[in-house]
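Numbering (my numbering), first residue to last: -11 to 263.
So this is what it looks like as structure tokens:
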């Protein structure tokens, strides 16, 4: 089933003063340097999560990925943007963002994606959970992702690594989960967007982490370009990290049930099932 974009469009949301100040502080702490290669995994100072770079991900389902040969980088395309340095079949290292690339020699995968896995130090509440992403080359008038750039996909995990769902670019648009923070941030000189993870999995579940990658289609079903123009992670924020019960509690059992329902719903409406 193809999503109609007459009713489901990329949303615009003004950036708050506190959010802008937080991002400014984060960018300033990194300094105005060229591309920096980071340790694998990388733990941002003062944050409750770590970032692991992945390569050879199968788009949408995000199977087959490996951390071997990859590591996170920052400041490649803009100040404060986290991307991926991957290793091709010839052992060459390539600085990139989160996007599609030619991996025809990688275990039969014709089009693979780089990605970033975010793992929280402890379980967090889905309520208020979001990530700031950048460089889609979109603005407040956009109703779909550009086919020459990349479209995002995300997999979200619950307690014990339980898959809560794989969410395509079409799912993200249909659930109004991506909203514009600024079309031309004065620090990064690019467009910044809020990916609302709560809108995808709900506020009642607990989350252990998520993986960002690139979709092989834009929200409207058109094939994306390979090699795509990538996007970047800026920060993970907005999580109201309420107390999470110990494993085995009734709340976590309910969360697992909700996760199964989310996966079932996504399978029923999978845009790519008819492609």
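Even glycine gets a Cβ: it sits at the ideal position worked out from N, Cα and C.
As the structure is a computational prediction, the values presented were derived from the model and not from experiment.
Specify, as a first and last residue, the run of the beta strand (DSSP E) that residue 150 falls within.
Where residue 150 is concerned, there is no enclosing beta strand (DSSP E), given that its DSSP letter is neither H nor E.
Quick check: the segment 189 to 197 against the segment 145 to 153, are there 3 or more CB pairs under 8 Å?
yes
Do residue 218 and residue 86 come within 8 Å of each other at the CB atom, strictly closer than that value?
yes
For residue 50, which option in 222, 105, 224 and 133 has the closest C-alpha, if you only look at C-alpha atoms?
105
Status (buried if at least 16 other CB within 10 Å, exposed otherwise) for residue 109
exposed
Have a look at residue 180 and residue 32 and give me their C-alpha separation to the nearest angstrom.
CA-CA distance, residue 180 to residue 32, rounds to 19 Å.
In the DSSP assignment, the beta strand (DSSP E) including residue 168 goes from what residue to what residue?
Per DSSP, residue 168 belongs to the beta strand (DSSP E) from 166 to 170.
Among 173, 205 and 165, which one has its Cα closest to the Cα of residue 183?
165
Here's a check: name, in chain order, each residue in its chain whose Cβ is nearer than 8 Å to the Cβ of residue 58, leaving out the five neighbours to either side.
28, 41, 42, 43, 72, 73, 74, 75 and 102
For residue 211, count the other beta carbons within 10 Å of its own beta carbon; 16 or more makes it buried, fewer makes it exposed. Which is it?
exposed
My output table needs one value for residue 214: the three-state DSSP class, helix, strand or coil.
coil
Exposed or buried, residue 61, counting other C-beta atoms within 10 Å across all chains shown (16 or more means buried)?
buried
Length of the line joining the Cα atoms of residue 156 and residue 163
So the two alpha carbons sit approximately 11 Å from each other.
Would residue 81 be called buried (16 or more neighbouring beta carbons within 10 Å of its own) or exposed?
exposed
Would residue 143 pass as a contact of residue 198 if the rule is Cβ separation under 8 Å?
yes
Counterpart residues of residue 205 in DSSP-defined beta bridges:
211
Are any of the Cβ atoms in chain D nearer than 8 Å to that of residue 126?
Looking for chain D here will not work: only one protein chain is present.
Exposure of residue 22, with buried meaning 16 or more beta-carbon neighbours within 10 Å:
exposed
Residue 177, buried or exposed, once every other Cβ within 10 Å from all chains shown has been counted against 16
exposed
Whose C-beta lies closer than 7 Å to the C-beta of residue 64 among residues of the same chain, with five residues either side of it excluded?
23, 71, 83 and 85
According to DSSP, which residues form a beta bridge with residue 83?
Bridge partners of residue 83: 73.
I'd like to check one pair, residue 214 with residue 37: are the Cβ atoms closer than 8 Å?
no
Please report the distance separating the alpha-carbon of residue 161 from that of residue 48.
Distance between residue 161 and residue 48, taken at the CA atoms: about 15 Å.
Residue 175, DSSP secondary structure in three states
coil
Please state the DSSP three-state secondary structure of residue 109.
Looking at residue 109 - three-state DSSP - the assignment turns out to be strand.
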